[in-house]
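Numbered as in our numbering, the sequence shown ends at 572 without a single skipped number.
Below is one structure, written out as structure tokens; comments come after it.
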Amino acid sequence: MHHDKGQALFLINSCNYQKFSQILFRFFINIVRRTCEKQKVDKFDNLKDLAKAEGINYQNLEKTVKEYNEDVLKGKDRYQNRTKLLDTIDKGPYYAFECEPQIYTSYSGLEINKKAQVMTTAGTPIPGLYAAGDVTGHLAYQAGLGGGGISGLVMATVYGRIAGAEAAK
């Protein structure tokens with residue numbers, strides 16, 4: 404969530420937390436949990452109190468949450484084009500803590516085939532060139548997972564092993 408002070412806040416409610424912790428985001432939730440242990444985390448019963456305490460324009464927050472909840476019901480987030488792991492933001496408690504935005508991956512990347520060979524723009528393998536991990540971010544995007552984090556680790560492990568075996572042939 405963007406903040407008027409030029410800071411970013413991470414916002415999660417109990418419904419999101421429960422849903423995420425049941426799927427593949429246990430790794431991510433553990434990072435959030437460790438962050439909560441290290442710094443001040445603010446807890447709010449409603450978004451109006453959260454906005455006031457954190458210096459966020461409540462009307463903008465309310466509009467954004469309304470649009471997002473409408474998108475959840477339609478099955479697609481209009482801003483990030485996500486269709487998976489959507490959940491409404493409609494009941495607290497809500498938690499917010501300051502975080503520093505970081506670029507850790509992208510949705511673009513080298514196109515590879517099932518042998519981890521890097522492909523040309525014409526769709527043919529480049530001899531002797533293999534790729535794995537976050538440089539193949541397009542795979543995570545196609546799967547709807549987002550890039551980096553756990554999906555980047557999976558891509559690095561799986562395709563790293565494949566690339567190594569193929570390069571050794």
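Glycine is no exception: its CB is placed at the ideal position from the N, C-alpha and C atoms.
Burial is judged here by how many other beta carbons sit within 10 angstroms of a residue's own beta carbon; Thr-539 has at least 16 and is buried. Distance from Thr-486 to Val-475 at the Cβ level is roughly 10 Å; contact not present, criterion being Cβ atoms closer than 8 Å.
For Asp-474, the uninterrupted alpha helix (DSSP H) segment begins and ends at 461-477.
Counting the other CB atoms within 10 Å of its CB gives Gln-520 a total of 16 or more, which places it among the buried residues.
With 16 or more other Cβ atoms from the protein chains shown falling within 10 Å of its own Cβ, Glu-457 counts as buried.
A residue is called buried when at least 16 other Cβ atoms come within 10 angstroms of its Cβ; Ile-529 does not meet this threshold and is exposed. Judged by DSSP in its simplified three-state form, Tyr-562 adopts helix.
Shortest Cα-Cα distance from Phe-447 to any of Glu-569, Phe-500 and Ala-534 involves Phe-500. Of the other Cβ atoms in all chains shown, 16 or more fall within 10 Å of the Cβ of Gly-536; this residue is therefore buried. Measuring C-alpha to C-alpha distances from Leu-450 to each of Lys-469, Met-522 and Leu-488 identifies Lys-469 as the nearest.
For Thr-560 and Tyr-471, the gap between their C-alpha atoms comes out near 34 Å.
Burial state of Ala-534 is buried, judged by a 10 Å Cβ sphere holding 16 or more other Cβ atoms. In the assembly as shown, Tyr-482 is an exposed residue. Its beta-carbon has fewer than 16 other beta-carbons within 10 Å.
In this structure Ala-568 is exposed. Its beta-carbon is surrounded by fewer than 16 other beta-carbon atoms within 10 angstroms.
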